[in-house]
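Below is one structure, written out as structure tokens; the observations come after it.
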Amino acid sequence: MYLDLDQNKAYAYSAGQPLDPARRNVIFIHGAEHDHSVWNLQSRYCAYHGWNVLAVDLPAHGRSEGPPLDSVEAMAGWLIGFLNAAAISNVALVGHSMGSLIALEAAFQLGERVTQLALLGTAYPMLVSDQLLDAARDDEREARQMVNVWSHSPAMQIGGNPNPGMWMLGRNQRLMERMVPGLFFTDLMACNSYRGGERAAQAIVCPTLLLLGERDMMTSAKSGRALGQMIGGARTRVIGGCGHALMAEKPDEVLEALVEFLA
Amino acid sequence: MAGPKYLGFDTLSLHAGSQPDPTTGARATPIYHTTSFVFKSTDHAASLFNMERAGHVYSRISNPTNAVLEERVAALEGGVGAIATASGQAALHLAIVTLMGAGGHIVASRSLYGGSHNLLAYTLPRFGITTTFVDPRDVSAFRAATRPNTRLLFGETLGNPGLDVLNVPAVAEVAHGKNLPLLVDSTFTTPYLLRPFDLGADLVYHSATKFLGGHGVAIGGVLVDGGKFDWEASGKFPTLTAPYEGFHDMDFAEESDTAAFLLRARREGIRDFGACMSPMNAFQILQGIETLPLRMARHVDNTRKVVAFLAAHPLVDSVGYPELESHADYELAKQILPKGCGAVFSFNLKGDRAAGRRFIEELKLFSHLANVGDAKSLVIHPATTTHFRMDKPALRSAGIAEGTIRLSIGLEDPEDLIDDLRRALRALEKG
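For the record, the sequence lines run as chains U and P.
Quick note on numbering: the first sequence equals residues 19 to 281 in the working numbering.
Quick note on numbering: the second sequence equals residues 6 to 436 in the working numbering.
Shown next as structure tokens:
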């Protein structure tokens, strides 16, 4: 579905289902240089199992227009604007990587409107190495290769995609290549410079789940656990053998953890 | 400090797509010779059918052994994914019917494998899909032949029978200028010699029967998507960008811009037309791909030696191999095929049909049959076999002389192959 937001077209995948006021709402938020399609399986399942699903494309990502936003706070503000425009009051937020920081910040700003918070492949602070930032600024091709390798467990760099016939690294690379030039650096800088995480984490009161990959080289499980300890009552679950691309590498494990948590 | 790199081609040839079997620890990819897969629950079943979960339902649509092959070829080509099909012809058909229906039009190279030409020239018109054939060396002809209803440009990386080298970057530019995709048959080159996606092609297919398998024991095809073409922006592909009543009104591009083509091809084309690959064949083709880099290097090395021998022989009128300066695509081949121009080529004997027949019959190592890309060397005389119905003028227009011989050079000792050819040529000399 599309909404007009700040004179720009804003898109969210809803699995072709109309929003039903009687249903609960769940918002999926993608990471850097990604779009809604990283949530294909999980979002579609939820949409056919009693939820209003909106898997957003952040501005300048996928099908959403608008200039790239250069901070997590700005992206959280955009997300809240989207929810308001869609007349959604209470919502569960599910974010991956950069999207997890946006979900965290939005949960802080939305307060009691957030029913549940799920943070996947997350860490705070989400520091990005100078090597990767330099590459993202100067050579996006190189930066994409670095991120693609670091985002997948050693096993998945060889293959065995649960999604039959798809080459996971190839698909992720093409997805990143479809984004506008400069977006990668902007996204990574937003992750690197976000400083509101501790304040936001300490203010979260809703049930919170952290889903982490045991072999995650982008946001290590150790860093994720540290964030979990800042959020009162948060549950942390580590998926064995999984890299940063949790939804693609272990789609069933992610789905089942989310379904149990959102139920 | 250098950043992390992707695994190399040789490593991917051996490993891509496969993991040791989680149940038994088997290192080789198991042959999942089963029609169907047990659901864990009714909800699991429903969610698999509705693309809410990844997994296998029925082997016509997907199979774990086939999935390894699909992933491996996609990795080697640098694509996003692939679909294994019953044959190369099935892969071509699947590509076309995924993109268009009746009223669609294709611009294709006229230098095509005979089976592909038959499909485009005679069979698809019965279903309302027409093709204009153009000289593959004339890039502007591709542009000139496009119409408002054109949906695809198509050619072979190395054309039949003269090994016309398709100028993939230039033809891709023409295609993209018209908001159309370029489909390439890369059977003769394999990703070892040429990766069409790197040069701008959008879709690639192989007759995996040939060099990918290499052993001549399994028929199969693989259709690969590069994932770059913007179907939505093109506006010409409602099969990918409009709700599909046949699958819960799914808009495949909305699901995933990078995977839209393969989603539709699997959820409609393979499901409904049913030209899937047997898991046994997928296993056999995987065995071949494990040694693809080694074999292709040897194929090319042997071919160069045989070409040099024939080009210098007094009974040979001409040799058509793009690494020879006499070939029309010599410069282009140097540019886009630096590792070699494959192992299939034709040469012309000085003589008539009888000379060609005699030559073939004198060969001992070369097998006389209608295939290419085997580990064993192969030969055929088009004027008495594949094109026997044609008279002299018709043969000439197809680029075939009465004395044309097509060779597929295998992996034998090159000296033995040359000795075999020398013996047969000597027999011709004696009359």
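Where is the CB? At the ideal position from N, CA and C, for every residue including glycine.
Note on Met144 of chain U: 16 or more other CB atoms within 10 angstroms of its CB, so buried under the neighbour-count rule.
Residue-level contact check: Val44 of chain U does not touch chain P, since none of the beta carbons of chain P fall below 7 angstroms from its beta carbon. Between Leu198 of chain P and Lys344 of chain P, the C-beta spacing is below 7 angstroms. For the segment 38 to 113 of chain P, the full-length beta strand (DSSP E) segments reaching 3 residues or more read 86 to 90 along the chain. Boundaries cannot be given for Ile106 of chain U, as no beta strand (DSSP E) includes it and DSSP labels it neither H nor E.
Note on Met19 of chain U: under 16 other CB atoms within 10 angstroms of its CB, so exposed under the neighbour-count rule.
Nearest in C-alpha terms to Ser121 of chain P, of all of P:Gly106, P:Phe138, P:Ala107, P:His253, is P:Phe138. Of all residues in the segment 82 to 93 of chain P, only Gly83, Gly84, Val85, Gly86, Ala87, Ile88 come within less than 7 angstroms of chain U when Cβ atoms are compared, listed by chain position. Following the DSSP letters along the chain, one finds Lys344 of chain P in no beta strand (DSSP E), marked with neither H nor E.
Pairing Met265 of chain U with Gln60 of chain U gives a Cβ-Cβ distance under 7 angstroms. A direct Cα-to-Cα measurement between His392 of chain P and Asn376 of chain P gives close to 14 angstroms.
Straight-line spacing of the CA atoms in Leu299 of chain P and Arg148 of chain P works out to 38 angstroms. Scanning the segment 30 to 69 of chain U for uninterrupted beta strand (DSSP E) segments of 3 residues or longer gives 42 to 47, listed from N- to C-terminal end. Considering only beta carbons, the part of the segment 49 to 72 of chain U lying closer than 7 angstroms to chain P consists of Ser55, Asn58, Leu59, Arg62, Tyr63, Tyr66, in chain order. For Ser239 of chain P, the enclosing alpha helix (DSSP H) starts and ends at 236 to 239. In the DSSP assignment, Asn26 of chain U is bridged to U:Leu23. Between the alpha carbons of Ala73 of chain U and Leu53 of chain P lies a gap of roughly 20 angstroms. Between Arg58 of chain P and Pro269 of chain U, the alpha-carbon positions lie close to 7 angstroms from each other. For Asn353 of chain P, DSSP records a beta bridge to P:Ser323, P:Thr409. Sequence-distant Cβ neighbours of Arg152 of chain P in its own chain, meaning closer than 6 angstroms and more than five residues away, are His110.
Ala73 of chain U is bridged by DSSP to U:Tyr31, U:Phe46. Only residues of its own chain outside the window of five on either side were considered, and among them Arg142, Leu168, Asp169, Val170, Pro327 have a CB closer than 8 angstroms to the CB of Asp334 of chain P, listed in chain order.
The C-beta distance from Gly49 of chain U to Ser115 of chain U rounds to 3 angstroms, short enough to fall under 8 angstroms. Think of a sphere of 7 angstroms around the beta carbon of Gln247 of chain U: no beta carbon from chain P falls inside it, the nearest being about 30 angstroms out.
Just so you know, the alpha carbons of Asp157 of chain U and Gln191 of chain U end up roughly 14 angstroms apart. Of the other Cβ atoms in all chains shown, fewer than 16 fall within 10 Å of the Cβ of His38 of chain P; this residue is therefore exposed. For Gln24 of chain P, the nearest CB of chain U lies under 7 angstroms from its own CB, placing it at the interface with that chain.
If you compare the alpha carbons of U:Glu271, U:His170, U:Asp75 with that of Leu21 of chain U, the shortest gap goes to U:Asp75.
For Ala270 of chain P, the closest alpha carbon among the candidates P:Ser116, P:Lys241, P:Asp230 is that of P:Asp230. Assignment of Arg156 of chain P by DSSP, reduced to helix, strand and coil, places it in the strand class.
Interface with chain P (7 angstroms Cβ-Cβ cutoff): Pro182 of chain U is included. If you ignore the 5 residues before and after Phe234 of chain P, its C-beta comes within less than 6 angstroms of the C-beta of Pro186, Asp207, all in its own chain and listed in chain order.
Counted as a single uninterrupted DSSP element, the beta strand (DSSP E) harbouring Ile257 of chain U occupies residues 253 to 257. Check the Cα spacing between Ala124 of chain U and each of U:Gln149, U:Asp148, U:Ser89, U:Gly139: the tightest is with U:Ser89. Within the segment 129 to 190 of chain U, the complete beta strand (DSSP E) segments of 3 residues or longer fall at 132 to 138, listed in chain order.
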